[in-house]
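Just below is one structure, and these are the notes that go with it.
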Amino acid sequence: MNDDQKMQEPSESVNMTDLATTGMTSDGGTPKMTARHVDVFYGDKQAINDVSIDVNMDSVTAFIGPSGCGKSTFLRCMNRMNDTIPIARVTGDIMLEGEDIYSSQMDVVQLRARVGMVFQKPNPFPKSIYDNIAYGPRIHGLATGKEELDNIVESSLQRAGLWGEVKDRLSDSGTALSGGQQQRLCIARAIAVDPEVILMDEPCSALDPIATAKIEELIHELRGKYAIVIVTHNMQQAARVSQKTAFFHLGTLVEYGETTDIFTNPREEKTRDYITGRYG
Amino acid sequence: MTSATLLFLIIGLGLFAWFFGRLKASGLKASGKSSRSALHSLPNYHGWYVALWAIVPAAIFMAVWSFVSPALITDAALASPASAGLPQGAFARAAILSEARAIAYGNQVNAFNPLSQSMVEPYRDAISYYQMIGAVAALLMVFACGVYAWLQIKPDLRARTKIERVTMLILLLASLIAIVTTVGIFLSLVFETARFFSMVSPIDFLFGTEWNPRAVAGPRGETGFGAIPLFWGTVFIGAIIAMIVAIPLGLMSAIYLTQYAPAKLRAWMKPILEVLAGVPTVVYGYFAALTVAPALRDFAVSIGISGASSESALAAGVVMGIMIIPFVSSMADDSIAAVPSAMRDGSLAMGATHSETIKKVLIPAALPGVVGGVLLAVSRAIGETMIVVMAAGLAANMTVNPFSSVTTVTTQIVQLLTGDQEFDSPKTLAAFALGLVLFIVTLLLNLIALRVVKKYREAYE
Amino acid sequence: MNSLTETKRRPTDWQGAEMQQRIARRYAAERRFKALGMAAVMLSASFLAFLLVVMVGNGFRGFTQTELPVEIDFPAVTGGASPSQFQGPNANANVQSMGLREIVDSSIEIQYGQDGTNLFSSGGWTAVNAMILSNPDIVEQKATVYLPVISEIDVAYKDAGNPEAEQKVRELEDKLSTGFNWNFLSNSDATDPMQVGIWGAFKGSLITMIVTLLLAFPVGVLAALYLEEYAPKNRLTDLIEVSINNLAAVPSIIFGLLGLAVFLNFFGMPRSGALVGGLTLALMTMPVIVITGRNAVKSVPPSIREAALGIGASPLQVVFHHVLPLALPGILTGTIIGMARALGETAPLLMIGMRAFIATPPSGITDPATVLPVQIFLWSDEVDRGFVEKTSAAIIVLLLFLLTMNALAIYLRNRFETRW
């Protein structure tokens with residue numbers, strides 16, 4: 001990957017949407033996930049205030065904003081990981097292909113298989129590399145035999161760009177890999193259940209620059225195959241990997257639009273201040 | 001003057017010493033022009049300085065004297081004319097002397113042997129003589145050392161530094177008691193075991209299969225000290241039956257309470273489980289013997305199991321398992337809590353259900369900790385005494401029938417050491433040999449378990 | 001970057017019947033697993049409940065005794081004793097010398113026939129003794145006293161006894177009554193279950209615990225302070241730490257063997273005394289205090305130490321003026337828990353001879369004594385059925401003490417626990 005390509009991609013998508021005029025909604029193409037008027041409460045405290053946003057299949061969406069602005073909280077709502085926090089309460093609608101993910105019909109187990117997640121700190125299971133990848137397909141019954149499972153493991157690792165590095169030591173523990181490799185293992189693990197959306201919660205914040213570059217390359221590779229949402233602290237990273245950017249501040253969505261627009265010509269004062277480093 | 005009175009007297013004098021030391025130092029402070037430079041330490045420290053000088057040497061002297069004086073007393077008593085009638089045999093002589101000594105000290109009222117009675121008077125005289133010497137010497141030391149220290153008090157005396165050095169020494173000594181105790185346990189067990197092995201071959205003891213210590217034949221070639229049935233009984237009850245009860249219940253309780261239970265239920269159930277661990281073992285033993293054992297025997301008889309005993313391995317093992325539940329559950333609780341929540345989130349985010357996450361991610365990740373906890377639980381179970389003493393019986397059977405009676409190492413230690421005991425008989429000494437085996441096994445289990453748990457903790461830190 | 005040579009996977013059909021079935025199965029497994037956990041917790045708790053119900057059910061009756069009324073015409077049988085004889089310093093001696101036992105026996109024989117005394121517990125007359133001492137005027141009156149019956153009838157009246165005793169109960173049905181068994185709280189061990197009490201064992205426990213506390217607490221606290229605050233990192237410190245961790249896990253009976261071999265046989269301390277018992281238990285309790293004490297000391301934040309050092313306090317002053325007071329609630333909690341454990345301990349005390357028959361309460365640390373758990377053990381061995389309820393009653397008393405101590409520990413922890 002080189003810089004030229006990176007610069008090209010945002011410009012490609014300029015004509016796809018026109019958020020400056022339509023506000024928080026997307027263009028005519030069907031979005032993969034849509035959120036409307038979402039509020040999140042932790043006990044009495046409101047963490048997210050009336051957020052509406054669309055996530056598209058063919059673009060990488062970045063959530064940026066200062067610490068504690070609610071971007072990770074919102075991300076965790078999108079596959080109901082907030083369910084694990086007893087005091088968290090979500091109102092409003094979040095749809096995955098038109099289905100309300102918080103409705104009683106939606107099965108949370110299936111939802112999380114369809115909306116995968118990669119965490120801030122690499123969290124491979126203390127199992128072999130093979131078992132780490134095979135874990136998801138096994139629990140969901142996605143492979144009918146050993147051979148098919150092998151195929152899934154191999155293809156997932158290939159997509160995550162890890163196959164060449166680990167193919168000879170699939171039975172080694174996943175925790176024995178380097179940090180960057182571990183994070184790519186986690187991405188491969190998410191890919192293995194064939195999700196439609198991949199949520200990444202600051203996937204590079206625990207990695208060194210070289211490992212970060214590899215993950216960013218990988219995100220480029222995966223674009224178009226999955227709808228990708230990435231939360232990041234790092235504005236350069238958002239500019240490099242995403243086509244759309246949402247800026248969160250104090251639990252509200254301040255601005256959502258084409259990455260190039262946000263970084264070159266933000267509409268909101270707050271966004272400009274953040275981008276130029278006045279606070280955050 | 002008894003040593004307790006003497007000790008109180010010395011401590012009382014120490015108080016005076018403290019007071020005078022402080023007084024002198026205060027006087028120095030008041031007379032000094034600039035009080036800060038005049039006195040290195042606060043008057044209190046000077047007080048302590050004098051008091052310690054007054055008390056410590058005298059106390060040390062008293063301790064030494066209490067070791068030395070009995071020998072001196074016995075020599076003096078033997079030198080008296082009354083000792084002429086004593087028999088020459090060393091053993092009989094020692095018995096008489098110890099009886100006379102007991103009467104003279106007031107621990108015993110009447111003598112069984114008239115010869116002892118005749119020795120009482122010389123003993124009393126000797127005791128009062130040497131006690132008087134000791135008391136006078138101790139009091140002299142209090143005064144001499146106290147006055148010496150008092151004279152030492154000058155403005156530049158570094159009393160605080162000296163006191164702190166002494167305090168540090170006391171702290172160190174307090175810590176060393178742990179080592180002394182461990183060494184004491186080990187040496188006393190080894191020493192008595194060596195005496196036992198001079199009478200009974202270690203091979204017979206460790207690998208013999210017949211346990212019947214009452215059938216002691218002669219000075220050599222004793223039989224009936226084969227401890228294998230005891231080891232089997234201990235393992236059967238403590239490591240097999242008890243664990244079959246405790247591991248599933250303890251583990252599942254920990255899982256439920258940490259992963260599923262609402263906060264309120266957890267707040268109630270955790271202390272309730274802890275109460276199970278706080279119930280004294282003698283209560284469990286009584287419960288096992290009174291309620292569980294008869295019920296199990298009736299059950300066994302009703303389903304036609306022959307050889308069902310009212311002192312069954314099952315009753316002791318089940319009750320012991322119940323006792324161990326909170327132990328296993330709190331170890332499992334800690335181990336599961338130590339697994340980073342990122343693991344759990346990672347699995348849930350893949351679409352695993354909660355139980356799949358627990359079974360396939362949390363438990364495997366927590367396994368070393370859980371295994372360490374189980375090892376500790378086994379070590380506790382095999383060292384447990386009262387439940388087996390009251391519920392497991394004395395018959396040294398090698399059986400796998402849980403309804404029949406087996407005996408354990410701890411039961412036999414109690415059995416061998418209670419009641420009339422001659423301290424040199426192999427029967428009594430066998431208890432120490434069993435104790436040594438128990439000590440070594442539990443020590444190894446604990447060391448391994450602690451190492452496993454520590455390694456595991458480090459892995460996630 | 002890698003070339004993507006993989007074959008394209010078919011998209012997963014999440015709505016398909018097979019997948020739906022699979023999900024239903026997984027959820028069923030989830031419910032089963034959860035129910036299993038719930039069952040484990042409930043089963044463990046019900047064991048505790050069952051144990052308590054059995055003990056309370058049996059032991060409650062231990063606090064009562066079955067009595068028969070005996071009318072004693074004091075002026076007639078004593079030949080005109082005056083109340084003043086039973087007051088003042090000679091009261092006890094005068095009661096002793098009046099032959100109260102015969103007086104009571106003859107009164108019984110008048111009302112219940114020649115064999116009447118066989119109905120009554122042989123030590124029952126001592127109740128009359130106490131009655132006279134507390135109320136001397138009684139000797140001028142005709143009084144009805146309630147005296148405990150023999151154990152067989154007691155058992156038969158409360159529950160079900162042997163046929164003979166049952167027969168007696170039927171005969172005396174309207175005269176028998178139930179009274180509070182004060183003897184149980186004030187007497188010591190006895191051979192007659194109607195006369196046993198826990199006072200002797202309780203006093204033994206108390207003295208033993210005092211010895212244990214006096215030895216284990218200072219040593220434990222000082223060792224904890226040394227290890228946490230001053231100990232250099234060296235082999236000796238490692239050895240101390242290993243020793244303490246191991247001592248905390250050594251079976252209690254091993255401590256009993258140590259006590260027997262070292263305190264009794266080597267140092268020749270008095271057998272069966274609270275001194276040796278307390279020493280042995282102190283060695284057991286000390287590691288617990290050290291371990292909890294270290295945690296308490298560790299939880300005092302370093303900033304406090306730095307603040308004190310910063311104004312020129314010596315390391316010793318830092319610890320004794322600042323760290324120790326702040327850590328004290330935690331240390332006390334650990335101490336109470338350790339003491340509660342020592343209070344319930346039986347096995348090591350059996351080894352050092354504290355299982356003797358103690359009919360008079362100990363009055364010093366060298367007197368032969370027994371403790372509550374050992375008393376429970378001894379009574380549990382008795383064949384007489386009257387002892388069953390006494391054993392359980394003693395267990396209730398012991399559990400009450402332990403519960404109080406633990407509640408105190410929890411209270412202390414909650415009251416003084418500081419989150420830094």
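Chains as they are written, first to last, in this note's numbering: chain B, 1 to 280; chain Y, 1 to 461; chain R, 1 to 420. Just so it is clear, CB atoms sit at the ideal spot from N, CA and C, and this is done for glycine as well.
Specify the secondary structure class of residue i as computed by DSSP and reduced to three states.
i: residue 267(R); result: coil
i: residue 125(Y); result: helix
i: residue 184(B); result: helix
i: residue 137(Y); result: helix
i: residue 80(B); result: coil
i: residue 32(R); result: helix
i: residue 331(R); result: helix
i: residue 3(Y); result: helix
i: residue 252(B); result: strand
i: residue 352(Y); result: coil
i: residue 392(Y); result: coil
i: residue 197(Y); result: helix
i: residue 211(Y); result: strand
i: residue 285(B); result: Within the shown structure, residues of chain B are numbered from 1 to 280, placing residue 285(B) beyond reach of any answer.
i: residue 50(B); result: strand
i: residue 403(Y); result: coil
i: residue 4(B); result: Unreliable positioning characterises residue 4(B) in this predicted model, as indicated by a pLDDT of 42, which lies under 50. The coordinate reading is nonetheless provided below. The answer is helix: DSSP assigns residue 4(B) an H, G or I state.
Name the chain Y residues that come within less than 8 Å of residue i, Cβ to Cβ?
i: residue 119(B); result: 342, 345, 346, 349
i: residue 355(R); result: 418
i: residue 287(R); result: 178
Using DSSP's beta-bridge definition, name the partner residues of residue i.
i: residue 226(B); result: 223(B)
i: residue 42(B); result: 45(B), 88(B)
i: residue 264(B); result: None, per the DSSP bridge assignment.
i: residue 200(B); result: 118(B), 230(B)
i: residue 167(R); result: According to DSSP, residue 167(R) bridges with nothing at all.
i: residue 282(B); result: As shown, chain B starts at 1 and ends at 280. That puts residue 282(B) outside it, with no answer to give.
i: residue 45(R); result: Looking at the DSSP assignment, residue 45(R) forms no beta bridge with any residue, so it has no partner.
i: residue 73(R); result: 142(R)
i: residue 64(R); result: 180(R)
i: residue 368(R); result: 273(R)
i: residue 33(B); result: 55(B), 96(B)
i: residue 50(R); result: DSSP lists no partner for residue 50(R).
What in chain B is Cβ-close to residue i, meaning under 9 Å?
i: residue 22(R); result: 140, 141
Taking C-beta pairs closer than 7 Å, name the residues in chain R that residue i reaches, listed in chain order.
i: residue 110(B); result: 14, 23
Residue i versus chain B: which residues are under 8 Å apart at the beta carbon?
i: residue 26(R); result: 109, 139
Using a Cβ cut-off of 8 Å, pull out every chain R residue sitting near residue i, in sequence order please.
i: residue 287(Y); result: 51, 54, 55
Which residues of chain R have a Cβ atom closer than 9 Å to the Cβ of residue i, listed in chain order?
i: residue 234(Y); result: None at all; the shortest Cβ gap to chain R is about 11 Å.
Using a Cβ cut-off of 7 Å, pull out every chain B residue sitting near residue i, in sequence order please.
i: residue 361(Y); result: 125
i: residue 352(Y); result: 139
Would you mind telling me which residues of chain Y sit closer than 9 Å to residue i, beta carbon to beta carbon, in chain order?
i: residue 346(R); result: 280, 281, 282, 285, 385, 386, 389
> Considering only residues of the region 99-181 of chain B, which uninterrupted beta strand (DSSP E) runs meet the minimum length of 3 residues and lie entirely inside it, listed in chain order?
Replying inline: Runs of the beta strand (DSSP E) inside the region 99-181 of chain B: 115-118.
> Are the region 327-345 of chain R and the region 286-302 of chain R in contact at 8 Å, needing three or more beta carbon pairs?
Replying inline: As far as the Cβ criterion goes, the region 327-345 of chain R touches the region 286-302 of chain R, which means the pair count is three or higher.
>> As an exercise, report each continuous beta strand (DSSP E) stretch of at least 3 residues that is fully enclosed by the region 224-252 of chain R, in chain order.
In response: The beta strand (DSSP E) runs of length 3 or more contained entirely in the region 224-252 of chain R do not exist; there are none.
>> For the region 363-377 of chain R against the region 392-403 of chain R, do three or more pairs of beta-carbon atoms, one drawn from each stretch, fall closer than 8 Å, so that the two count as touching?
In response: Yes, they touch.
> In the region 89-166 of chain R, which residue ranges form an unbroken alpha helix (DSSP H) of at least 4 residues, counting only runs that do not cross its ends?
Replying inline: Along the region 89-166 of chain R, the alpha helix (DSSP H) occurs as fully enclosed runs of 4 or more residues at 91-97, 100-112, 125-134, 151-158, listed in sequence order.
>> Check whether the region 113-131 of chain Y and the region 96-104 of chain Y are in contact - that is, three or more C-beta pairs closer than 8 Å.
In response: The region 113-131 of chain Y makes contact with the region 96-104 of chain Y: 3 or more CB pairs, one atom from each, lie closer than 8 Å.
> Between the region 367-384 of chain Y and the region 323-343 of chain Y, are three or more C-beta pairs nearer than 8 Å?
Replying inline: Flag = yes, the region 367-384 of chain Y and the region 323-343 of chain Y touch.
> Which ranges would you report for the alpha helix (DSSP H) in the region 292-361 of chain Y if only whole runs of at least 4 residues count?
Replying inline: Taking only runs of at least 4 residues, the alpha helix (DSSP H) segments lying wholly in the region 292-361 of chain Y are 293-302, 313-338, 341-349, 354-357.
> Are the region 208-221 of chain R and the region 149-168 of chain Y touching by the rule of at least three beta carbon pairs closer than 8 Å?
Replying inline: Verdict: no, contact absent.
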